[in-house]
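See structure below.
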Amino acid sequence: MAIPVTWPQILSWRLRRQFVSSPCEGGPEAVARRLCGVQAQVASSAQLAVAVRSARPAPGAVDRALWADRTLAKTWIMRGTLHLVPADTLPDYCAVLATVRFWEKGSWQRGHGVTAGEIAAILDTVPRILGDRPLTREELVEAVVSATGDDHLRDALGSGWGALLKPLSRLGQLCYGPPRDGRVTFVAPRAWLPGWPAALPPPEEAGARVVRAFLAAHGPATPAMLDGWLFGGVARKALLKGWFRDLAPELVEVETEDGLRLQALAEHLDDLAATRPADEVHLLPGFDPYILGAPRTLEPLIPPAAKPKVSRQAGWISPVVLHQGRVAGVWKPEAGRVELDLFEDVPQTRLAAATARIETLLETANTPA
0 MAIPVTWPQI
10 LSWRLRRQFV
20 SSPCEGGPEA
30 VARRLCGVQA
40 QVASSAQLAV
50 AVRSARPAPG
60 AVDRALWADR
70 TLAKTWIMRG
80 TLHLVPADTL
90 PDYCAVLATV
100 RFWEKGSWQR
110 GHGVTAGEIA
120 AILDTVPRIL
130 GDRPLTREEL
140 VEAVVSATGD
150 DHLRDALGSG
160 WGALLKPLSR
170 LGQLCYGPPR
180 DGRVTFVAPR
190 AWLPGWPAAL
200 PPPEEAGARV
210 VRAFLAAHGP
220 ATPAMLDGWL
230 FGGVARKALL
240 KGWFRDLAPE
250 LVEVETEDGL
260 RLQALAEHLD
270 DLAATRPADE
280 VHLLPGFDPY
290 ILGAPRTLEP
300 LIPPAAKPKV
310 SRQAGWISPV
320 VLHQGRVAGV
330 WKPEAGRVEL
340 DLFEDVPQTR
350 LAAATARIET
360 LLETANTPA
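Spelled out as structure tokens, the structure:
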């Protein structure tokens, strides 16, 4: 029998679990671990997503975790987008995502102007070139062309959004290194990240850990919700159901007021059931994990009329204003100040406090570390 819960309970619980209403006492690595990664297509949004969840945000903290401590890794991972991920959990995400090998499809190869043989050559050559010495994309491309003798790969690898490098990131063979003169660099995780395993873990074991971590921050959820967040909705249903089945002894089923049945971790059930909706207001940056971890069609989170302003063209996710965990507006920074576009009435005192906090964080972000 499914246990009844309400969406206001779930959203309030997620806010607390994701360090929005209860900030994290740890550093960027602890935030990224709880969130199952922080999308970093826009670096400033990722830094703000970490800062707004930190009890003591500090300028340069993300960069130190990435390039000095190496407790965070930056790479193309969930949905093929750039993320900040704890270095010691990246092997699990790679093992899971490598089960969907889009680069082996002829349609994908034709769409990117390469042959199956050229893809195989890239996957074979890059791991032999990359180590702990950061290489710019131009340096990596020239090294691949020199090693393979295939001059066509120069244009193929140097164009687009790194499409031909993304398979390597999924296989755990490539991640970002520290930027050099404003240009991105790449390194091999095995040489760059402390404690990198000799081989990726078995996907069934990694899958159970990823499901557990996802439910601990973005739950309760369904396998389809996990698929949308992790794979972009293209994973085999049998694969997803298998991970949930393997985790069944740790799961309970809950049912929302609109009749949706979701899976939750049993260890969190009492806390979830005891959660009461809070009259909170929060401002979150663009591409925030709180929004990305849920379907954009989830009406209790994003009202249908608000969706076009939240989920925009080309996959752009706007900064949002939350009231009681629900999107009540969007915002944008203008010269260090917040410009609001509200869809619903929001308590003004709480809104002013949330706005002031974000403006302080925006100012801090422009302060040298």
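Residue numbers (numbering that gives the first Met the number 0): 0 to 368.
Cβ atoms here follow ideal geometry from the backbone N, Cα and C, with glycine treated the same way.
Do you know whose CA, among ASP149, THR74, ARG208 and GLU138, lies nearest PRO188's CA? As a working note, residue 188 is residue 189 in the sequence shown. Ranking ASP149, THR74, ARG208 and GLU138 by Cα distance to PRO188 puts THR74 first.
Between the C-alpha atoms of PRO222 and ALA146, what's the straight-line distance to the nearest angstrom? Here residue 222 refers to the residue found at position 223 when the sequence shown is read from its first residue. Here residue 146 refers to the residue found at position 147 when the sequence shown is read from its first residue. Near 42 Å, if we compare the C-alpha coordinates of ALA146 and PRO222.
TYR35 by DSSP, collapsed to three states: which one? One-based indexing of the sequence shown puts residue 35 at position 36. Per the sequence shown, the amino acid found at residue 35 is Cys instead of Tyr. Reduced to three states, the DSSP call for CYS35 is coil.
How about LEU350 and ALA216: do their beta carbons lie closer than 8 Å? On the sequence shown, residue 350 is found 351 positions in, with the first residue counted as 1. On the sequence shown, residue 216 is found 217 positions in, with the first residue counted as 1. For LEU350 and ALA216, no; Cβs fall outside 8 Å.
Thinking C-alpha only, which one of VAL113, ARG179 and LEU173 is nearest ASP149? Here residue 149 refers to the residue found at position 150 when the sequence shown is read from its first residue. Answer by Cα proximity: VAL113.
Quick one: what's got a C-beta closer than 7 Å to SER317's C-beta in the same chain, skipping five residues either side? Counting from one through the sequence shown, the residue named residue 317 turns up at place 318. Once the five neighbours on either side are set aside, the close Cβ partners of SER317 are GLY285, LYS308, VAL309, ARG311 and VAL329.
Neighbourhood of PRO177 by C-beta, 7 Å cutoff - its chain only, sequence neighbours within 5 removed: Stepping through the sequence shown from its first residue, residue 177 is reached at position 178. Cβ within range, chain order: TRP66, PRO133 and THR184.
Please state whether the Cβ-Cβ distance between LEU83 and VAL37 is less than 8 Å. What you label residue 83 is simply residue 84 of the sequence shown in a count that begins at 1. What you label residue 37 is simply residue 38 of the sequence shown in a count that begins at 1. Contact flag set, yes.
By Cβ distance, which residues of its chain are closer than 6 Å to ALA277, with the 5 residues on each side in sequence left out? For the purposes of this step, residue 277 is taken as residue 278 along the sequence shown, with counting starting at 1. By the criterion of a C-beta distance shorter than 6 Å, ALA277 is surrounded in its chain by SER11, once the five residues flanking it on both sides are discounted.
Taking the alpha helix (DSSP H) that GLU138 belongs to, which residues open and close that run? Looking up residue 138 in the sequence shown gives position 139. 136-147 is the span of the alpha helix (DSSP H), which, as asked, contains GLU138.
On a Cα-Cα basis, can you pick out the residue from ALA60, GLU333, PRO346 and VAL345 that is closest to GLU358? For this step, residue 358 is matched to residue 359 along the sequence shown. The shortest C-alpha separation from GLU358 is found at GLU333.
Which runs of the alpha helix (DSSP H) at least 4 residues long sit entirely within the segment 220-288? Give them in chain order. You should have 222-229, 236-245 and 268-273.
Per-residue DSSP class, three states only, for PHE185: Position 186 of the sequence shown, counting from 1, holds the residue named residue 185. Three-state DSSP puts PHE185 in a strand.
Alpha helix (DSSP H) runs wholly inside the segment 94-141, at least 4 long, in chain order: Counting whole runs of 4 or more residues, the segment 94-141 contains the alpha helix (DSSP H) stretches 105-110 and 115-128.
When the Cβ atoms of the segment 49-56 are set against those of the segment 157-165, are three or more pairs found closer than 8 Å? no
Can you tell me where the alpha helix (DSSP H) with ASP154 in it begins and where it stops? Position 155 of the sequence shown, counted from the start, is the residue given in the question as residue 154. Counting along the chain, the alpha helix (DSSP H) containing ASP154 begins and ends at 151-157.
C-beta contact flag for PHE243 and ARG78 at 8 Å: Counting from 1 along the sequence shown, the entry for residue 243 is found at position 244. Counting from 1 along the sequence shown, the entry for residue 78 is found at position 79. No, the pair does not count as a contact, with Cβ atoms beyond the cut-off.
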